[in-house]
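Residues in the sequence shown are numbered consecutively from 41, following this note's numbering.
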Amino acid sequence: MSLMARLNVNPTRMELSRLKARLRTARRGHKLLRDKRDELMKQFLDIMRQNRDLRRAVEAALERAHKSFTVASALMSPELMEQSLMYPKQSVSLSVGYKNIMSVNVPRYAYTTKNDDKSDIYPYGFMQTSGELDDALTELSAIFTDMLKLAELEKSVQLLAIEIEKTRRRVNALEYVTIPQLEETIKYITMRLDENERGNLTRLMKVKDMMLKQAGYGQSGA
């Protein structure tokens, strides 16, 4: 015996037709949402793999840059280090666009520099600074694009995870609540209508029998 609570509706043919239409819509919606959930999961796992590989590369590059900074800090005085990096020559402008993945708008970052002179990443002369400081800045400049890409991927993973969870809840609500409720209610209304039909048929048969008996009695009395 089903324990799913049915909807509180009047057991009429009009209500039955309405509920059958709702059930067809719910089943179509369930299939579409399930397909969306599966495609979101596919996209999510693909981006996760990209994110994992890129994060490893970025972390390795940052570690190399940090080692170079550490050596440069040991070879240069704190005052000279601060003075060397105080006034950057290059500037960066960041713009944000969006890409739609299964109705989820994930960010796309792009940047432009003030000029194309690659030597402008060094805001100092080379006479008093350490070569390790040059190496650190070169490393950081080289991975800047990867760091932006990593930010894109990590935000995309976060947004897709939220959408996957929302879609999963909607799929489960349709699969385990809405559709079973509609099916149970349709079954109940159909059963009640069948009972009413049988009751009407029984009454009609009784009326017919009574009419036949009355007709027969009238004939015998003549």
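For glycine and all other residues, C-beta sits at the position ideal for the given N, C-alpha and C.
Whole-angstrom C-beta distance between residue j and residue i, which should lie under 8 Å
i	j	result
isoleucine 183	alanine 101	4 Å
lysine 139	valine 132	Actually they are not in contact, since the Cβ atoms of lysine 139 and valine 132 sit about 22 Å apart, beyond 8 Å.
asparagine 91	valine 197	6 Å
lysine 76	threonine 207	6 Å
arginine 95	leucine 190	6 Å
isoleucine 219	arginine 67	7 Å
Neighbourhood of residue i by C-beta distance below 8 Å, restricted to the same chain and skipping five residues each side
i	result
isoleucine 226	Leu56, Leu59, Lys60, Leu63
glycine 69	Leu214
glutamate 203	Leu80, Met142, Ser143, Val144
leucine 73	Thr207, Arg210, Val211, Leu214
serine 260	Low confidence applies to serine 260: its pLDDT is 47, below 50, so where it sits in the model is not reliable enough to give any reading.
methionine 88	Val197
glutamate 192	Val146, Pro147, Arg148, Tyr149
aspartate 234	none
Contact set for residue i: own chain, Cβ-Cβ below 7 Å, skip 5 residues either direction
i	result
alanine 262	Interpretation of alanine 262 is limited by its pLDDT of 41, a score under 50 that renders its predicted location unreliable; the figure taken from the coordinates is listed afterwards. No residues qualify anywhere along the chain.
leucine 47	Gln221, Thr225
glutamate 194	Asn91
glutamate 179	Ala101, Arg104, Ala105, Ser108
glycine 256	none
Spatially closest choice to residue i from the options, by CA coordinates
i	options	result
aspartate 175	Pro128, Lys154, His106, Leu252	His106
leucine 177	Ser108, Val98, Ile229	Ser108
methionine 142	Ala201, Leu120, Leu47	Ala201
leucine 134	Lys248, Glu119, Thr152	Thr152
asparagine 50	Met250, Leu193, Met231, Asn155	Met231
methionine 167	Leu120, Asn155, Met250	Leu120
glutamine 130	Leu199, Leu73, Gln254, Asp156	Asp156
alanine 150	Thr185, Arg238, Ser181	Thr185
valine 98	Ser181, Met250, Asp249	Ser181
lysine 154	Lys248, Leu252, Pro128	Pro128
arginine 53	Asn236, Gln254, Gly256, Asp249	Asn236
threonine 65	Leu252, Glu223, Asp249	Glu223
alanine 45	Tyr216, Pro118, Asp93	Tyr216
Close-in-space but distant-in-sequence residues of the same chain around residue i (CB under 6 Å, 5 per side omitted)
i	result
leucine 173	Ala112
methionine 116	Ser170
aspartate 78	none
valine 164	First, the residue type needs correcting, since residue 164 is tyrosine and not valine in the sequence shown. Once the five neighbours on either side are set aside, the close Cβ partners of tyrosine 164 are Ser124.
glutamine 254	none
>> Across the region 158-165 and the region 69-84, are there enough close Cβ pairs to call them in contact, namely three or more that are closer than 8 Å?
In response: no
>> With a threshold of 8 Å, are at least 3 pairs of Cβ atoms found where one atom belongs to the region 234-252 and the other to the region 110-128?
In response: no
> What residue ranges within the region 161-220 form continuous alpha helix (DSSP H) runs of no fewer than 4 residues, ordered along the chain?
Replying inline: 171-213
>> Quick check for students: name the residue ranges of the alpha helix (DSSP H) that lie wholly in the region 94-169, counting only runs of 4 or more.
In response: 118-125
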